[in-house]
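S.K.: I'd like to ask you about the structure that follows.
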Amino acid sequence: MKKLLLATAATLLVSGTANAAFVDTDIPDNAYITQGSLDWAWGRPLPFAGEPTALDFQSQFGWRLPTLDELMAAPDATDFIFDGANVALGGVDPISGARFQATNANLTGAAACATPYFSATFRHCDWQDGNGQRFEPWAGTPGAQSFADQLFVRRANMGAVPEPATWAFMIFGFGAIGGAMRRQRKANVKVSYA
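Count along the sequence shown from 1, add 14, and you get the number used in our numbering.
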């Protein structure tokens with residue numbers, strides 16, 4: 015009975031963490047790009063299906079699946095190439111383990127790949143799927159909600175979300191300023207009789 019309980023607990027522990035991403039932190043600036051009003055992360059080598067808890071973690075930082083309209087205006091794969099990107103040409107990101115697979119001549123420098131932040135299964139981006147051009151819609155998804163590789167988006171310049179204690183301190187500060195201004199205004203009131 016004891017062995018059965020231990021085996022069940024181990025199974026639950028493994029299955030409970032199977033959907034978590036390899037890297038459970040916010041995505042660093044050099045692992046995504048900003049285009050227009052959206053940040054774009056190249057987050058999986060396959061369409062997003064089957065690892066919802068990996069997105070659950072990143073959703074706290076504003077990351078979500080793009081809409082169909084957003085996908086139609088998605089960046090090209092070559093837009094993910096920039097100096098200082100997290101994956102050096104032919105290399106591996108030393109922090110997340112992200113890498114590009116099956117590179118070709120269109121991959122000419124460091125590029126941004128955020129797969130380990132969205133997947134517990136994969137750590138790579140498939141450059142040949144983007145092929146340096148616009149990503150191709152994935153035929154297996156009704157409504158073409160994803161490409162052969164999955165992109166994720168969030169509103170650009172989100173910044174950090176203040177903690178509740180910060181909000182409380184700000185509200186207290188505004189109240190204190192308002193109270194001081196009210197006392198000052200009362201002190202400056204002059205009464206005159208006609």
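In this text, a Cβ means the ideal position worked out from N, Cα and C, and glycines have one as well.
Going by CA-CA distance only, name the one from Pro-108, Ala-182, Arg-58 that's closest to Gly-98.
M.R.: Pro-108
S.K.: What are the boundary residues of the alpha helix (DSSP H) that Leu-82 is part of?
M.R.: 82-86
S.K.: Taking buried to mean at least 16 other C-beta atoms within 10 Å of its own C-beta, is Thr-129 buried or exposed?
M.R.: buried
S.K.: With a threshold of 7 Å on Cβ separation, who are the neighbours of Gly-111 within its own chain once the five nearest residues in sequence on each side are excluded?
M.R.: So the list reads Phe-36, Pro-130, Arg-137, once near-sequence residues are dropped.
S.K.: Does Gly-187 come out as helix, strand or coil in the three-state DSSP assignment?
M.R.: helix
S.K.: For Arg-169, which residues from the same chain have a beta carbon less than 8 Å from its beta carbon, with the 5 sequence-adjacent residues on both sides left out?
M.R.: Ser-51, Leu-52, Asp-53, Gly-76
S.K.: Sort out for me which residues DSSP pairs Phe-114 with in a bridge.
M.R.: DSSP lists Cys-139 as the bridge partner or partners of Phe-114.
S.K.: Would you give the residue range spanned by the beta strand (DSSP E) that Asp-53 belongs to?
M.R.: 52-58
S.K.: Which value, in whole angstroms, describes the spacing of the CA atoms of Ile-185 and Ala-194?
M.R.: 14 Å
S.K.: Spatial neighbours of Phe-94 within its chain, please: CB distance less than 7 Å, with the 5 preceding and 5 following residues excluded, ordered by chain position.
M.R.: Ile-47, Trp-56, Ala-125, Ala-126
S.K.: What does the alpha-carbon distance come out to for the pair Trp-141 and Asn-120?
M.R.: 9 Å
S.K.: Name the two residues that bound the continuous beta strand (DSSP E) containing Arg-168.
M.R.: 164-169
S.K.: DSSP three-state label for Asp-90, please.
M.R.: strand
S.K.: DSSP three-state label for Ala-158, please.
M.R.: At Ala-158, the pLDDT of 45 sits below 50, so the modelled position is not reliable; the number obtained from the coordinates is stated separately. In this structure, Ala-158 counts as helix in the three-state DSSP scheme.
S.K.: Using DSSP with H/G/I as helix, E/B as strand and the rest coil, what is Gln-49?
M.R.: strand
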